[in-house]
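Numbering (this note's numbering), first residue to last: 36 to 334. All C-beta atoms, glycine included, are put in the ideal place defined by N, C-alpha and C. Because the structure is a prediction, the values reported are computed rather than measured.
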């Protein structure tokens with residue numbers, strides 16, 4: 036039994052006339068009659084009552100028709116899902132992101148992707164840069180948004196967003212009323228920073244920025260997440276240098292200030308990069324990367 040036999044049967048069942056059915060199928064009437072006979076022989080029961088004037092389904096034929104129609108419908112659905120999957124339009128995507136990305140690129144990227152490809156479900160995980168690298172190696176996430184650079188040739192990555200670094204001060208700090216703050220004036224202040232292993236690129240950038248203005252910061256508190264760092268600043272535990280998008284985190288007790296020496300020192304900006312496995316072939320991942328690139332051009 037072949038698929039065409041089932042299609043021949045359904046067409047004849049709909050037309051109940053060999054001539055019209057053959058015309059719809061673009062074949063001659065005798066081959067159609069022969070194919071139906073072969074199908075009945077293989078099935079072991081008659082599908083049609085035949086007379087010189089009309090053709091009618093047998094009771095077994097009526098039941099068989101209902102089942103075959105379901106089979107053909109499921110087949111069409113399978114073909115459609117397969118085509119959508121090959122185009123990356125259905126499936127699941129697991130995404131990792133550093134906490135600060137939630138305040139700049141992530142909302143626009145997710146909104147655009149959901150609008151363009153609603154058939155792909157998204158699973159999001161807030162992870163530090165080093166955690167994302169581990170999860171990518173283990174296949175637990177498909178794409179990451181982290182702080183570059185990445186020194187691992189098994190990954191591909193692209194910068195998609197660049198933002199300034201700013202100073203976070205407790206609102207009770209003596210410099211809180213100034214529009215810009217001289218970073219060197221904070222040389223004796225306790226600094227709150229994250230451990231270097233979590234995002235070495237951003238960590239080294241912050242330390243270099245302080246050193247370029249003449250001091251090495253005294254780190255008295257460490258925190259993993261940017262939100263926690265800002266909360267510690269609000270609790271008057273110290274000051275911090277953070278990406279500018281953290282201003283979107285409305286936290287009582289904190290004020291944000293531009294760095295006065297920004298025009299005098301080298302590289303006062305932090306980047307967000309998207310990262311994926313270099314050998315990634317998934318159409319869903321490739322489609323997501325392309326949408327991120329389009330969004331990045333507009334940011």
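Its chain contains 206 and 269 as the residues whose beta carbon lies nearer than 6 Å to that of residue 288, once the 5 sequence neighbours on both sides are disregarded; these appear in chain order. Within the stretch 193 to 280, the complete beta strand (DSSP E) segments at least 3 residues long are 225 to 228, 253 to 257 and 275 to 278, listed from N- to C-terminus. Spanning the alpha carbons of residue 154 and residue 125 requires a straight line of approximately 5 Å. By the Cβ rule, the stretch 316 to 326 does not count as touching the stretch 247 to 261, because fewer than three pairs are nearer than 8 Å. If you look at residue 76, you'll find it in the alpha helix (DSSP H) that goes 64 to 78. Remark: C-beta atoms of residue 163 and residue 233 approach each other more closely than 7 Å.
Within the stretch 146 to 181, the complete alpha helix (DSSP H) segments at least 4 residues long are 164 to 173, listed from N- to C-terminus.
Counting along the chain, residue 54 sits inside no beta strand (DSSP E); it lies in the alpha helix (DSSP H) bounded by residues 53 to 60.
DSSP links residue 191 through a beta bridge to 311. About 12 Å separates the beta carbon of residue 145 from that of residue 178, a gap too long to meet the 8 Å contact definition. Looking at the backbone, the Cα of residue 328 and that of residue 266 are separated by about 33 Å. In the structure shown, residue 134 falls within a helical segment according to DSSP collapsed to helix, strand and coil. A direct Cα-Cα distance of roughly 6 Å separates residue 293 from residue 216. For residue 332, the uninterrupted alpha helix (DSSP H) segment begins and ends at 318 to 333. With 16 or more other Cβ atoms inside 10 Å of its own Cβ, residue 141 counts as buried. Contact between residue 47 and residue 53 holds, since their C-beta atoms are separated by about 7 Å, short of 8 Å.
Rounded to the nearest angstrom, the gap between the Cα atoms of residue 331 and residue 42 is 49 Å.
Residue 175 and residue 99 have their C-alpha atoms some 45 Å from each other. Secondary structure at residue 122: coil, using DSSP grouped into helix, strand and coil.
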